[in-house]
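Below: one structure, written as structure tokens.
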Amino acid sequence: MRDLFDKIYKDKGPLGKWAKHAEGYFVFPKLEGPISNRMKFRGKEVITWSINDYLGLANHPEVRKVDAEAAAEYGSAYPMGARMMSGHTDLHEKLQEELASFVKKEASYLLNFGYQGMVSTIDALVSKNDVIVYDVDAHACIIDGVRLHLGQRFTYKHNDMESIEKNLQRATKIAEQTGGGILLISEGVFGMRGEQGRLKEIVALKKKYNFRLFVDDAHGFGTLGATGAGAGEEQGIQDDIDVYFATFAKSLASTGAFIAGDKEIMDYLKYNLRSQMFAKSLQMQLVVGALKRLDMLRTMPELKAKLWENVNALQSGLKNNGFDIGTTQSCVTPVYLKGSIPEAMALVRDLRENHGVFCSIVVYPVIPKGLILLRMIPTATHTLEDIELTLIAFSAIRERLENGTYKRLSAAVTASLGE
Ligand SMILES: Cc1ncc(COP(=O)(O)O)c(C=O)c1O
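If you use our numbering, the sequence shown corresponds to residues 2 to 420, in order.
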């Protein structure tokens with residue numbers, strides 16, 4: 002028999018194997034200083050394109066003031082216990098009411114973390130007779146939620162209506178046999194490539210198939226739709242989303258999350274959502290902070306306008322300079338380049354060290370082998386100068402990628418990894 006740890010000693014996993022070359026720089030980098038468009042990386046100022054602070058609230062003076070006051074008043078312990086037992090307060094309820102009204106739903110329920118909350122909501126919504134149909138490119142929290150499901154599940158090709166319909170047909174057959182129902186899960190915005198889920202077309206299928214729609218709108222909340230209510234509002238089908246999810250970790254620049262929908266469904270989840278029943282309530286500082294941020298979303302539309310001014314300037318600048326930004330329909334701005342992982346590392350090092358531009362790289366296995374994705378998140382705090390400097394930097398690195406500079410620079414890494 003083997004020691005459980007044997008496999009860990011031998012195989013560090015698809016990302017872990019890069020640790021020696023990557024840790025502290027490409028993964029687990031330390032960005033320092035106040036959260037903004039310019040931060041410090043290894044002592045040098047960089048333009049930061051990797052922080053989901055879409056509306057620039059993270060370091061907004063009014064937000065910082067409210068956060069500090071709430072911390073002084075409540076500390077980080079209050080309230081103690083799970084919501085159901087001893088962790089329930091008027092302000093938790095108030096925040097739920099305001100979130101529900103913001104996303105145009107009857108009711109909402111708070112989650113401590115988006116990830117766990119999604120897993121738990123999927124778990125609570127289905128029983129073994131039900132069938133889940135979901136996008137193959139779904140976020141890890143959806144995949145892990147589906148893993149808990151004891152019944153059938155089908156993935157459909159990313160945003161592919163034909164595949165969605167085919168899988169709804171398969172799901173319908175099974176649900177008819179088991180006597181269960183169907184839960185279709187999509188993201189409002191797919192966080193890597195920036196495409197919106199085809200919610201409008203999915204909703205239209207409700208006329209033909211009997212299913213409920215659950216949307217993870219982590220990236221759409223606060224950024225899309227006339228009032229910032231997200232991808233459903235943007236596509237004019239918010240009413241047809243049966244369960245809506247968003248995290249506080251992006252537009253609201255905080256920690257926590259919520260789900261929203263019909264009151265009866267939220268009431269059910271309140272009593273069946275294991276991530277909230279068996280965990281300490283969302284701490285008060287975060288509740289008070291979220292109330293303030295939400296108020297700013299409602300009353301300061303200029304934040305979203307500035308965000309989109311930057312998104313449009315960055316995306317059109319990249320396109321005009323011949324970069325492939327794929328099919329994004331949101332603020333998420335991917336730039337696709339061709340190259341190996343070691344080349345990607347050399348390229349990012351050049352971007353950071355010589356151009357002061359910090360963005361995340363995404364490589365295989367998250368995207369196909371041979372592609373490098375530089376993922377950029379514009380925010381309301383960026384300036385047109387940041388965008389101009391970044392475009393100049395991108396043109397320079399593209400030239401060096403194409404003329405083989407990064408291949409030469411990364412030859413040692415490539416050899417040591419046998420890539
Ligand atoms: C699509 C999506 N869903 C869920 C989450 C998880 O949210 P949280 O950070 O609040 O756990 C994220 C990332 O933050 C996300 O991008």
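No residue lacks a Cβ here, since even glycine has one placed at the ideal position from N, Cα and C.
Keep in mind the model is a prediction, meaning the values are calculated, not measured.
(Q) Do Val127 and Tyr157 have their beta-carbon atoms positioned less than 8 Å apart in this structure? (A) no
Q | Anticipated Cβ contact below 8 Å, Gln284 with Ser77, distance rounded | A | 6 Å
Q | 8 Å contact criterion, which Ile260 and Tyr116 should meet: CB distance rounded | A | Ile260 to Tyr116, Cβ: 13 Å. No contact.
Q. Looking at the unbroken beta strand (DSSP E) that takes in Leu56, where does it start and where does it end?
A. Element bounds for Leu56: n/a, residue is neither H nor E.
Q: May I ask you to report which of helix, strand or coil DSSP gives Pro335?
A: In the structure shown, the three-state DSSP call for Pro335 is strand.
**Q.** With 16 other Cβ atoms within 10 Å as the buried cut-off, status of Gln153
**A.** Burial of Gln153 is indicated by the presence of at least 16 other C-beta atoms within 10 angstroms of its C-beta.
Q. Under a three-way DSSP split, which group does Gly318 fall into?
A. helix
**Q.** Separation of Ser87 from Lys21, as counted between CA atoms
**A.** 46 Å
Q: Taking only heavy atoms of ligand 1 into account, decide whether any of them is closer than 7 Å to the Cβ of Gly115.
A: Proximity of the beta carbon of Gly115 to ligand 1 is indicated: a heavy atom of the ligand is located closer than 7 Å.
Q: Report yes if the CB atom of Ala71 is closer than 8 Å to the CB atom of Gln286, and no otherwise.
A: With respect to Gln286, Ala71 sits close: the two C-beta atoms are nearer than 8 Å.
Q. Shortest alpha-carbon distance to Leu200 belongs to which of Ala172, Gly221 and Glu98?
A. Gly221
Q | Backbone secondary structure at Ser37 - three-state DSSP | A | coil
Q. Thinking C-beta only, is Asn38 closer than 8 Å to Thr380?
A. yes
Q | Reduced DSSP secondary structure (H/G/I, E/B, other) of Phe103 | A | DSSP, read as helix, strand or coil, puts Phe103 in helix.
Q) Is Ala172 near Val216, with beta carbons less than 8 Å apart? A) no
Q. How far does the beta strand (DSSP E) with Tyr135 in it reach, from first residue to last?
A. Note, Tyr135: beta strand (DSSP E), Val132 to Asp136.
Q.
Rounded to whole angstroms, what is the Cα-Cα separation between Gly118 and Gly229?
A. 22 Å
Q: Alpha carbon to alpha carbon, how far is Ile175 from Leu184? Give it in angstroms, no decimals.
A: 13 Å
Q) Once you ignore the five residues that flank Gly226 on each side, which residues in its own chain have a CB closer than 8 Å to its CB? A) If the five residues before and after Gly226 are omitted, its C-beta is found closer than 8 Å to the C-beta atoms of Ala232, Gly233, Glu234, Glu235 and Gln239, all from its own chain and listed in chain order.
(Q) Taking 8 Å as the cut-off, does the region 346–356 touch the region 317–329 (at least 3 CB pairs, one atom from each stretch)? (A) no
Q | Bridge partner(s) assigned by DSSP for Ile186 | A | Tyr135 and Phe215
Q: Out of Ser164, Ile123 and Cys142, state which residue places its alpha-carbon closest to the alpha-carbon of Leu151.
A: That would be Ile123, whose Cα lies nearest to the Cα of Leu151.
(Q) Is it the case that the region 390–405 contacts the region 326–341, given that we only count it when at least three CB pairs across the two stretches are under 8 Å? (A) yes
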